[in-house]
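Read through the structure below, which is laid out as structure tokens, and then see the notes.
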Amino acid sequence: MKINLITLFPSFYENFFSLGIIKKAISLNKLYINIIDLRDFSFDGKGRVDDTPYGGGAGMIIRVDVLYNALKSVKEETHSLIMSASGKKYNQEKAKELSSKDNITIICPKYEGFDERIVDFVDEEISIGDYILSSGDIPALVIIDSLARQIDGVLQNKDSLKEESFNSNILEYPQYTKPLEFLDKSVPEILISGNHEKIKEYRDEIALKKTRKNRKDLLL
């Protein structure tokens, strides 16, 4: 998989891509990240990419011509996303869908927003939640991490993907490790019983209870 990142802050990603799952996917040559500096497409040659909004209002808006030219610099066929608070909410189902793409381009806006006309030139607007962030770079990291986990061979244990939260609209069951007792908290006895059938029943039951408590919306 190749991911093109169109951003105003290329250095923002340096540490992230040298750690954990992302590093492993890159080292296995299963993931290639191409960072595109939006300022390379400045409309005035001085690095400016934004302008004042028509109709007035606070802040500056990233220009459509700048975004369009950056997007068109990706020569190969690509599935393009723009991070937007008004986009469709990202979830595990979308992660699975995007993981089937060979080439994805993520546009990361900044400032007060972007010229709405760029939406006509991208495939999707995506939001990671109902809150406002200072740029699209943090949401882009969320998406890249979730996609890297889906790439075959990146996770050592394939069963991890099956058991994780949201794969069946049920949160993952709680897990425990040593020590067996900590302060006044003990590991549930069923988990040390050795009865795998009963353990599975317990985990399914407790996962459903946890979902009802924390994320009722998943059960609708």
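Using the working numbering, you'd call the opening residue of the sequence shown number 4 and step up by one each time.
For each residue, glycine too, the CB sits at the ideal point set by N, CA and C.
Source: prediction; values computed, not measured.
Beta carbon of residue i nearer than 8 Å to that of residue j
| i | j | result |
| --- | --- | --- |
| P177 | I154 | no |
| L136 | F19 | no |
| L84 | I109 | yes |
| M63 | D53 | yes |
Same chain, Cβ closer than 7 Å to residue i, five either side skipped, listed in chain order
| i | result |
| --- | --- |
| S76 | I39 |
Residue i - DSSP class collapsed to helix/strand/coil
| i | result |
| --- | --- |
| K91 | strand |
| I173 | coil |
| N106 | strand |
| Y134 | coil |
Inter-residue CB distance, residue i and residue j (contact presumed, cutoff 8 Å)
| i | j | result |
| --- | --- | --- |
| T214 | L222 | 6 Å |
| F124 | I65 | The Cβ separation is near 13 Å, so there is no contact. |
| I29 | C111 | Contact doesn't hold; Cβ gap of about 19 Å is too wide. |
| D148 | I24 | 6 Å |
| I121 | L41 | Not really, about 12 Å apart at Cβ, beyond 8 Å. |
| A98 | L150 | 6 Å |
| M4 | L34 | 5 Å |
Nearest-angstrom Cα separation, counted from residue j out to residue i
| i | j | result |
| --- | --- | --- |
| N94 | I131 | 8 Å |
| H82 | D126 | 6 Å |
| L174 | K104 | 26 Å |
| I193 | K201 | 7 Å |
| V67 | K49 | 17 Å |
| L101 | K181 | 37 Å |
| G183 | E96 | One point to set straight first is that residue 183 is Leu, not Gly, in the sequence displayed. Approximately 36 Å between the Cα atoms of the pair. |
| G139 | R152 | 21 Å |
| S45 | R51 | 5 Å |
| L11 | K113 | 8 Å |
| I141 | H199 | 40 Å |
| S14 | S196 | 50 Å |
Same chain, Cβ closer than 6 Å to residue i, five either side skipped, listed in chain order
| i | result |
| --- | --- |
| P191 | none |
| K92 | S130 |
| F185 | none |
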